[in-house]
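Worksheet for the structure shown next.
Protein chains in written order, with our numbering: chain A, 3 to 238; chain B, 2 to 256.
In structure tokens form, the structure reads like this:
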């Protein structure tokens, strides 16, 4: 569904992405992990066209995304730090995005109804806490029933209840055959969700493996331990 | 009607600064005309006020507005919307608000007091000058990520076009008064939208006779249809070039 060939991006002297090659298919739930500043968000933003890569290409359903924007109607994006017009209310932001996207089929309002209670929708974005902002981002990502979900640190800042709801929703969507791409530092949270792992470091993809392979190779059941094992063996 | 432009216009209206600006323009215009018994003199006084205030308000408000829209722009770029459309909508929203506010603020009194051709010319020029400085604001705000730097750049550009440029021209004029530089002066004028606008109006009000020999040259050049067309074309370029450069940078910008 998403194919990335030889993608490179430099910010000044910093090589944020270095010849990245990846293939993501339908029905996969991929965890994108790696230390801070390893290029995860840059990779995600490149897929969304928010960062323009220096080299390489990204194919979405076989078509290059350069100079295209319609493909984004099939992506739901939840940013790490959601930034919204400060003087609009939650309800207005949701309405505006609905209005702009001119979505033809039905809206998926499950999260909207769970996360943003009617009395909350009057609140201005400027007054929201980090967690509530995250909820708004999650609602917008799932609202249009997209084929691809890109979630940048989805559960960071969410309360346990909301976090659990979001996880259930992700699993539900994955089972519908959608592609889900998640970045997270809380590896323990990913155990029940993911099917594949992409590990990045300094702009390079160190490995891209299905979770079963990873477990078999390391003999560990938990992802966090498996990853730690691999990093240790590399350092040695 | 483009939905994004609609959202931007509503947002600007909620801001109330543009509304205050309209009232301010109206206050200046009505009081100028009622204080001066001669409408021509009134027009000239108003011209000077317009050429000072309109650029200042449009460039400053637009620059700050673009910076404050950073979140809005970022939100829209992750949606299925062309980047060009976002940028053009932002420009159109600002342009629409300022043109309407100029028409209501200064346009109405002009048509009430001044004779029709001059009122028409002043109104058109006022609108064009608004657009020119919005375009310049787009350029200076895309050139720098730093808000203070971008706004500073806008203020300096306004200072240059509204005040410094005149001084520079005057300086050149005195330094080279021994030489036949009149024709060059016409060329130099083209490099400042405000001066271009001023000359167009002065020729229309027919006070160019007071401008001496240079005035004659200007009249010779700008007075005929060709000169007028060239002057308008140049003003259009002053809108298009800064905006298109900013659009080109915006399309490649990392958000």
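Heads up, the beta-carbon is just placed ideally off N, CA and C, and yes, glycines get one too.
What you are looking at is a predicted structure, and each value in this text was computed from that prediction instead of being measured.
In the three-state reduction of the DSSP assignment, residue 69 (chain B) falls in the helix class. Rounded to the nearest angstrom, the gap between the Cα atoms of residue 63 (chain B) and residue 91 (chain A) is 23 Å. Residue pairing by DSSP places residue 79 (chain A) opposite A:152 in a beta bridge. Pairing residue 149 (chain B) with residue 47 (chain A), the inter-Cα distance amounts to about 26 Å. For residue 183 (chain B), no Cβ of chain A is located within less than 7 Å of the residue's own Cβ. Just so you know, the alpha carbons of residue 83 (chain A) and residue 136 (chain A) end up roughly 8 Å apart. For residue 99 (chain A), the enclosing alpha helix (DSSP H) starts and ends at 92 to 103. Residue 40 (chain B) and residue 102 (chain B) have their C-alpha atoms spaced approximately 22 Å apart. Residue nearest to residue 10 (chain A) within the set A:3, A:22, A:4 is A:22 (criterion: CA-CA distance). Scanning its chain for C-beta atoms nearer than 7 Å, with the 5 sequence neighbours on each side dropped, one finds around residue 232 (chain B) the residues 197, 201, 223, in chain order. Contact check between the segment 164 to 183 of chain B and the segment 97 to 116 of chain B: fewer than three CB pairs, one atom from each, fall below 8 Å, which does not count as touching. Using a CB distance below 9 Å, the part of the segment 59 to 80 of chain B facing chain A consists of 69, 70, 71, 72, 73, 75, 76, 77, 78, 79, 80, ordered along the chain. Think of a sphere of 9 Å around the beta carbon of residue 165 (chain B): no beta carbon from chain A falls inside it, the nearest being about 34 Å out. The CB of residue 50 (chain A) comes closer than 7 Å to the CB of 79 in chain B, given here in chain order.
As the crow flies, the alpha-carbon of residue 224 (chain A) is around 7 Å from that of residue 193 (chain A). With fewer than 16 other beta carbons inside 10 angstroms of its own, residue 128 (chain A) counts as exposed.
In this structure, DSSP gives residue 234 (chain B) a helical state, which the three-state scheme calls helix. For residue 210 (chain A), no alpha helix (DSSP H) run applies; the uninterrupted beta strand (DSSP E) run containing it begins and ends at 206 to 212, by DSSP.
Between residue 181 (chain A) and residue 3 (chain A), the C-beta gap is smaller than 7 Å, which places the two residues in contact. The shortest C-alpha to C-alpha distance from residue 208 (chain A) to any of A:26, A:30, A:40, A:145 is the one to A:40. Each of B:174, B:219, B:146, B:204 was checked against the Cα of residue 250 (chain B), and the nearest Cα belongs to B:146. Neighbours of residue 87 (chain A) in chain B, taken as residues at a C-beta separation under 7 Å, are given in chain order as 72, 73.
Any Cβ of chain B closer than 7 Å to the Cβ of residue 135 (chain A) would place that residue at the interface, and such an atom is absent.
Three or more beta-carbon pairs separated by less than 8 Å link the segment 47 to 66 of chain B to the segment 125 to 138 of chain B, which places the two stretches in contact.
In the structure shown, residue 39 (chain B) falls within a coil segment according to DSSP collapsed to helix, strand and coil. Secondary structure of residue 202 (chain A) (DSSP, three-state): strand. When Cβ-Cβ separations below 7 Å define contact, residue 72 (chain A) makes contact with chain B. Assignment of beta-bridge partners to residue 13 (chain A) by DSSP yields A:16.
Between residue 167 (chain A) and residue 116 (chain A), the gap from beta carbon to beta carbon is short of 7 Å.
In the same chain as residue 30 (chain A), and ignoring 5 residues on each side of it, the C-beta atoms closer than 7 Å to its own belong to 181, 197, 198, in chain order. In the structure shown, residue 134 (chain A) falls within a helical segment according to DSSP collapsed to helix, strand and coil.
For residue 160 (chain B), the enclosing alpha helix (DSSP H) begins and ends at 148 to 160. For residue 5 (chain A), the secondary structure class from DSSP, reduced to helix, strand or coil, is strand.
In the DSSP annotation of this structure, the continuous segment of the alpha helix (DSSP H) that includes residue 128 (chain B) starts and ends at 117 to 144. Note: residue 65 (chain A) is bridge-paired with A:62 in the DSSP secondary-structure output.
The Cβ of residue 139 (chain A) sits no closer than 7 Å to any Cβ of chain B.
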